[in-house]
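Engineer: One structure, as structure tokens, below. Some questions next.
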């Protein structure tokens, strides 16, 4: 299954959802509209010619630019066709939120929690939207570009005496 | 009077002990369940994994894993250093197979920068990955057996692992924190002494693995504690995105070495081991069988190991040989530029993954064209595999938890990043 066939199958299923297709070093990445991500994810899993049944990773990227500041990337794998695929959605800076794909792949659960923890991107419809690594009381999102490398003094609460 | 002061003293101690970290309130109308806090300092949790377990008698009703006790922010650190500077940090991810992490990271950067490796370097990397897989599976099988009560196995597997660490020692000067790869090659060449040591190890290895296996194959206690424990159906395992021996023990023959061959795995003959039982015992046997396959790969790779350079011939991307930087102007300039500014990859995003001992270990790199990554995501198999823990322990006995954690083989350095 080649990159072109995947793009054709995706475009046939959702002609309006595909925003951009990039191919760099053989890695196919398809940017889709944010509101359609659950729809696209369901067909990417269920259409037999695609059958991306394994969610490898869900991650965020902070481009630190005006407009769509963040990006959420879904790395998928098909155990039938034995290949990877990347889906991407752009996320705006004000109230960043993306529909959750945990209903499609239960395995996206912790990956989405990690993305929320590190970037503050909320996943709507996620069953357990808590931080994964940082303490619940932590107010910042450490992987955003405006968070300093050395951290913020007193931002981590110490245990009560 | 006396008893009363005793009472006050006791309540004071209790008050001091009771804080937000030690007390959990549970709504339960029947009041017959309790919450147990397992970890983060618990010998059977393989590192600093904290598990909150809700129990009814000895039966687990629910479990919530808490991560982050070893979170060191490697992804943030990576954004602030060059690709070469990050290599030592990859040792600290999966610290049971550091050398395969080095390989995975170097391969991701090479894919981004478009560096092609010479055949000898690829064979050396295969040797490294398979040695790491054996070392890691030895610890996994040994510690899993220890967790369910068979201590001898751990001592025997550690004895074998020592021999691999000795090869690392000769190869790169470190037994544990190897930092062996460089972008476009290796720090040092594979030596005949390494070959001799590895051959001596391989000559004994099949016999030693059989011995280890025989200790447990007919051990009634071990089988009773592992058989049928931690079962998840094939669909559940795939849905949760599990990879590695856990996925293969559920009957899915997915192995990146076979399915998406990298390095020179195409030229090597090996089997992808699968099982169908999908329980702790099946995972144990998949690991045992994979060690034998790895030994097979090692023998072939040693035999086929070609002569030639062990670094790519790309002066602007790959560090020159150290001796030449002292005498040659050109090499000195490139060395200076590579160390200070870094490998200059093009603008773009790549994802590159290898089949590490725990599963798919991937690096997703977003490059803005400078020597430092704009964003680097570590896709760690341990973290994803741990996600299945609440589903596996549910409905089982409390003592099954240690067997299940052992069969998942998480390394918290990798899970917490």
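Chains as they are written, first to last, in this note's numbering: chain A, 60 to 220; chain B, 222 to 638.
Backbone N, C-alpha and C fix where the C-beta goes; we use that ideal spot for every residue, glycine too.
All values reported here derive from a predicted model rather than from experimental measurement.
Please return the same chain residues whose Cβ sits closer than 7 Å to the Cβ of residue 282 of chain B, not counting the five positions on each side in sequence.
Structural biologist: Closer than 7 Å at the Cβ level, and outside the excluded window around residue 282 of chain B, lie 254, 275 and 276.
Engineer: Are the beta-carbon atoms of residue 267 of chain B and residue 512 of chain B separated by less than 8 Å?
Structural biologist: No, the pair does not count as a contact, with Cβ atoms beyond the cut-off.
Engineer: Around the Cβ of residue 604 of chain B, are there at least 16 other Cβ atoms within 10 angstroms (buried) or fewer (exposed)?
Structural biologist: By the neighbour-count rule (16 or more Cβ atoms within 10 Å), residue 604 of chain B is buried.
Engineer: So, helix, strand or coil for residue 450 of chain B, using DSSP?
Structural biologist: In the structure shown, residue 450 of chain B sits in coil (DSSP, three-state: anything other than H, G, I, E or B).
Engineer: Which residues, in chain order, does the segment 597-611 of chain B contribute to contact with chain A at a C-beta distance below 7 Å?
Structural biologist: Per Cβ criterion, the list reads 598, 600, 604, 605 and 608.
Engineer: Under the DSSP definition of a beta bridge, which residues are partnered with residue 285 of chain B?
Structural biologist: Paired residue(s): B/273.
Engineer: Taking 8 Å as the cut-off, decide whether the C-beta atoms of residue 333 of chain B and residue 628 of chain B are in contact.
Structural biologist: No, these two residues do not count as a Cβ contact at 8 Å.
Engineer: Go ahead and label residue 143 of chain A buried or exposed: buried means 16 or more other beta carbons lie within 10 angstroms of its beta carbon, across all protein chains shown.
Structural biologist: Residue 143 of chain A should be labelled buried.
Engineer: Do you know offhand how far residue 360 of chain B's Cα is from residue 92 of chain A's?
Structural biologist: If you take the alpha carbons of residue 360 of chain B and residue 92 of chain A, they lie about 45 Å apart.
Engineer: Among the candidates B/479, B/260, B/638 and B/619, whose CA atom is the shortest distance from the CA of residue 446 of chain B?
Structural biologist: Answer by Cα proximity: B/619.
Engineer: Could you tell me the alpha carbon to alpha carbon distance between residue 222 of chain B and residue 189 of chain A, rounded to whole angstroms?
Structural biologist: With a pLDDT of 45 at residue 222 of chain B, under the threshold of 50, the modelled position of that residue is not reliable, and no figure is offered here.
Engineer: Quick one: using the 10 Å Cβ neighbour count with 16 as the cut-off for buried, is residue 442 of chain B buried or exposed?
Structural biologist: So residue 442 of chain B ends up on the exposed side.
Engineer: On the DSSP bridge list, what partners appear for residue 365 of chain B?
Structural biologist: The partner list for residue 365 of chain B (beta bridge, DSSP) is empty, contrary to what the question assumes.
Engineer: According to DSSP, residue 588 of chain B sits in a beta bridge with which residue or residues?
Structural biologist: Note: residue 588 of chain B sits in a beta bridge opposite B/569 and B/594.
Engineer: Tell me which residues of the segment 464-498 of chain B have at least one Cβ-Cβ distance to chain A shorter than 7 Å, keeping chain order.
Structural biologist: So the list reads 473, 475, 480 and 481, given in the order they occur along the chain.
Engineer: Report the three-state DSSP secondary structure of residue 628 of chain B (helix, strand or coil).
Structural biologist: If DSSP states are grouped into helix, strand and coil, residue 628 of chain B belongs with the helices.
Engineer: In the segment 155-175 of chain A, which residues sit with their C-beta less than 7 Å from some C-beta in chain B, listed in chain order?
Structural biologist: For the segment 155-175 of chain A, which is checked against every Cβ of chain B, the residues closer than 7 Å are 164, 165, 166, 168 and 169.
Engineer: Return the residue from the list B/395, B/290, B/636 and B/606 that minimises the CA-CA distance to residue 467 of chain B.
Structural biologist: Comparing Cα-Cα distances from residue 467 of chain B to each of B/395, B/290, B/636 and B/606, the minimum goes to B/606.
Engineer: How would you write the range of the alpha helix (DSSP H) that residue 548 of chain B sits in, first residue to last?
Structural biologist: Residue 548 of chain B -> alpha helix (DSSP H) spans 543-548.
Engineer: Given this structure, state the Cα-to-Cα distance separating residue 608 of chain B from residue 115 of chain A, to the nearest angstrom.
Structural biologist: One C-alpha to the other measures close to 12 Å.
Engineer: From residue 122 of chain A to residue 474 of chain B, what distance separates their C-alpha atoms?
Structural biologist: Taking the straight line joining both Cα atoms gives about 38 Å.
Engineer: Below 8 Å, can you find three or more Cβ-Cβ pairs linking the segment 416-435 of chain B to the segment 557-574 of chain B?
Structural biologist: Counting Cβ pairs under 8 Å, fewer than three are found: no touch.
Engineer: Have a look at residue 128 of chain A and residue 180 of chain A and give me their C-alpha separation to the nearest angstrom.
Structural biologist: Rounded to whole angstroms, residue 128 of chain A to residue 180 of chain A spans 11 Å at the Cα level.
Engineer: Measure the C-alpha to C-alpha separation of residue 610 of chain B and residue 450 of chain B and round it to an integer number of angstroms.
Structural biologist: Residue 610 of chain B and residue 450 of chain B: Cα-Cα distance of roughly 12 Å.
Engineer: Verify the CB distance criterion: does residue 83 of chain A have a CB-CB separation below 8 Å to chain B?
Structural biologist: Yes, because at least one Cβ of chain B sits closer than 8 Å to the Cβ of residue 83 of chain A.
Engineer: Taking all protein chains shown into account, decide if residue 170 of chain A is buried (16 or more other Cβ within 10 angstroms of its Cβ) or exposed.
Structural biologist: Its Cβ being crowded by 16 or more others within 10 Å, residue 170 of chain A is buried.
Engineer: Alpha carbon to alpha carbon, how far is residue 160 of chain A from residue 76 of chain A? Give it in angstroms, no decimals.
Structural biologist: If you take the alpha carbons of residue 76 of chain A and residue 160 of chain A, they lie about 16 Å apart.
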